[in-house]
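Asks: Numbering (the working numbering), first residue to last: 284 to 576. Beta carbons are placed, not taken as given, at the ideal position from N, Cα and C, and that holds for glycine.
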Amino acid sequence: MSIDLTRPFRGSAAVASGLLTSGQLRGPRFQRLFPDVYAPADLEPDLALRSAAAAVLVEGRGVLAGYSAAELLGASCGPADAPAEVLLLRMGGQSYRCTGLRVHRDAVDPAEITEVGQYGVTNPVRTAFDLARWVPTLREKIVAVDAIAHHCKIALDDVMRLRMLHFGAWGGRHIVPVLRLATPLAESPMETRIRIALHEHGLPAPEIQFEVEAAGRVRRLDLAYPSVKLAIEYDGDDHRKQDRAHKDLLREAALVRLGWTILRFDAYTVYCHPARIARTVAYELRRLGYVAA
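See the structure below:
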């Protein structure tokens, strides 16, 4: 079996094959991520790398799950410092107690497992099902399910069917409340966080990805109350790049000419002051004369 030293690998296998010496393995070229699992030192030890390393650690005994599965499926939704998550396929057996690793033991059907590159991961529906059970807060549960539903194009009804298949599974009671508020229309976790902040403070649900024709182009708004032309958008770091900021100014000017009010919220406000978002939106709805349908 060939060993690729450009991504996570088992140190013992690399030494046994003659690719490295023990001294080279412990030297500055490599970083140790988990017991006997190493990666090049110049790779950022982010969730994607930790997850790949965890897959090497449990190869043959488990698969990536939770935030790790979402990361490899292209639906990144976990905190930057989240531990890698694995789901062991056999009850009992080896126990993994490692910093930066979270181990789950649960019933899983082989049909609920897929592969991303060389790594086994829970498939999108099973990943959404697990995160809806495992994530601590309702808001972040919905963030995770939204991300997977949007990026992996799954039907939320399939998550409910999986809940019935695994009826009685730990945390299954959370599935219905999460699915009531989840949507595949949300295009980013921050957009979902803003939407749920509005819900938690009793505001009416906005339209998601509402389209407006302005200056000869169709513009999509993250969240909108079309009846009073109020738009709510996440102001992420990419919006501060010079070319993107210029496009945003032109876009916003076109919308303002049509009578739209644009509210923008940055990451600090979204994470730390969701009530402030709700108060600001509530004030603007009153000012603009919003009447619930």
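With DSSP collapsed to three states, give me the class of residue 502.
Replies: Here residue 502 refers to the residue found at position 219 of the sequence shown. Of the three classes helix, strand and coil, the one that applies to residue 502 here is strand, per DSSP.
Asks: Between the segment 472-487 and the segment 552-568, are three or more C-beta pairs nearer than 8 Å?
Replies: The segment 472-487 is in contact with the segment 552-568.
Asks: Going by alpha carbons, who is nearest to residue 477 out of 346, 549, 537?
Replies: As a first step, residue 477 is located in the sequence shown; it is residue number 194 there, counting from the start. Nearest option by C-alpha distance: 549.
Asks: Is the beta carbon of residue 404 sitting closer than 8 Å to the one on residue 356?
Replies: For this step, residue 404 is matched to residue 121 along the sequence shown. For this step, residue 356 is matched to residue 73 along the sequence shown. It is a contact, given that the beta carbons lie within the stated cut-off.
Asks: Cα separation between residue 371 and residue 332?
Replies: The sequence position of residue 371 within the sequence shown is 88, counting from 1. The sequence position of residue 332 within the sequence shown is 49, counting from 1. Those two C-alpha atoms are separated by around 19 Å.
Asks: Determine the burial state of residue 283: buried for a count of at least 16 other Cβ atoms within 10 Å of its Cβ, exposed for fewer.
Replies: Only positions 284 to 576 of the chain appear in the structure, and residue 283 is not among them; the question remains open.
Asks: Could you have a look at residue 487 and say whether DSSP puts it in helix, strand or coil?
Replies: Taking the first residue of the sequence shown as position 1, residue 487 is located at position 204. DSSP places residue 487 in coil when its eight states are reduced to three.
Asks: When DSSP labels each residue in this structure, what does residue 339 get in the three-state scheme?
Replies: Along the sequence shown, read from residue 1 onward, the residue named residue 339 stands at position 56. Helix.
Asks: Keeping to the same chain, check which residues put their C-beta closer than 7 Å to that of residue 358; ignore five residues upstream and five downstream.
Replies: One-based indexing of the sequence shown puts residue 358 at position 75. These residues qualify, in order along the chain: 430, 431, 434, 435.
Asks: For residue 299 and residue 308, I'd like the C-alpha separation in whole angstroms.
Replies: On the sequence shown, position 16 is the one that residue 299 refers to. On the sequence shown, position 25 is the one that residue 308 refers to. Those two C-alpha atoms are separated by around 12 Å.
Asks: Measuring alpha carbon to alpha carbon, tell me which residue in 327, 541, 343, 515 is nearest residue 547.
Replies: Residue mapping note: residue 547 aligns to position 264 of the sequence shown, counting from 1. For residue 547, the nearest C-alpha among the options comes from 515.
Asks: Given this structure, state the Cα-to-Cα distance separating residue 364 from residue 352, to the nearest angstrom.
Replies: Position 81 of the sequence shown, counted from the start, is the residue given in the question as residue 364. Position 69 of the sequence shown, counted from the start, is the residue given in the question as residue 352. Going from the Cα of residue 364 to the Cα of residue 352 covers about 15 Å.
Asks: With respect to 7 Å, is the separation between the Cβ of residue 576 and the closest non-hydrogen atom of the ligand MG below this value?
Replies: Ligands displayed in this structure: none; no statement on the ligand MG is therefore possible.
Asks: Could you give the DSSP three-state label for residue 576: helix, strand or coil?
Replies: Numbered from 1 along the sequence shown, position 293 holds the residue referred to as residue 576. Reduced to three states, the DSSP call for residue 576 is coil.
Asks: When DSSP labels each residue in this structure, what does residue 291 get in the three-state scheme?
Replies: Position 8 of the sequence shown, counted from the first residue, corresponds to residue 291. In the structure shown, residue 291 sits in coil (DSSP, three-state: anything other than H, G, I, E or B).
Asks: If you measure between the beta carbons of residue 391 and residue 369, is that distance less than 8 Å?
Replies: On the sequence shown, residue 391 is found 108 positions in, with the first residue counted as 1. On the sequence shown, residue 369 is found 86 positions in, with the first residue counted as 1. Contact: no.
Asks: Figure out for me which residue from 499, 452, 495 has the closest Cα to the Cα of residue 507.
Replies: Here the question's residue 507 lines up with position 224 in the sequence shown. Taking only the C-alpha atoms, the option nearest residue 507 is 495.
Asks: From which residue to which residue does the alpha helix (DSSP H) around residue 387 run?
Replies: Here residue 387 corresponds to residue number 104 of the sequence shown, with the count starting at 1. Note, residue 387: premise wrong, no alpha helix (DSSP H); beta strand (DSSP E) at 384-388.
Asks: Would DSSP call residue 323 helix, strand or coil?
Replies: Counted from its first residue, the sequence shown places residue 323 at position 40. Residue state, collapsed to three classes: strand.
Asks: Between 318, 303, 323, which has its C-alpha nearest residue 312's C-alpha?
Replies: Stepping through the sequence shown from its first residue, residue 312 is reached at position 29. For residue 312, the nearest C-alpha among the options comes from 323.
Asks: Which residue's Cα is closest to the Cα of residue 513: 564, 456, 499?
Replies: Taking the sequence shown and counting its residues from 1, one reaches residue 513 at position 230. Here the closest residue by C-alpha is 564.
Asks: Would you call residue 551 buried or exposed, if buried means 16 or more other Cβ atoms sit within 10 Å of its Cβ?
Replies: On the sequence shown, residue 551 is found 268 positions in, with the first residue counted as 1. The residue in question, residue 551, is exposed, as its Cβ has fewer than 16 Cβ neighbours within 10 Å.
Asks: Please tell me whether residue 474 and residue 505 are closer than 8 Å, where the distance is taken between their beta carbons.
Replies: Here residue 474 refers to the residue found at position 191 when the sequence shown is read from its first residue. Here residue 505 refers to the residue found at position 222 when the sequence shown is read from its first residue. A contact, by the Cβ cut-off of 8 Å.
Asks: Look up residue 461 in the DSSP assignment and say whether it is helix, strand or coil.
Replies: On the sequence shown, position 178 is the one that residue 461 refers to. In this structure, residue 461 counts as helix in the three-state DSSP scheme.
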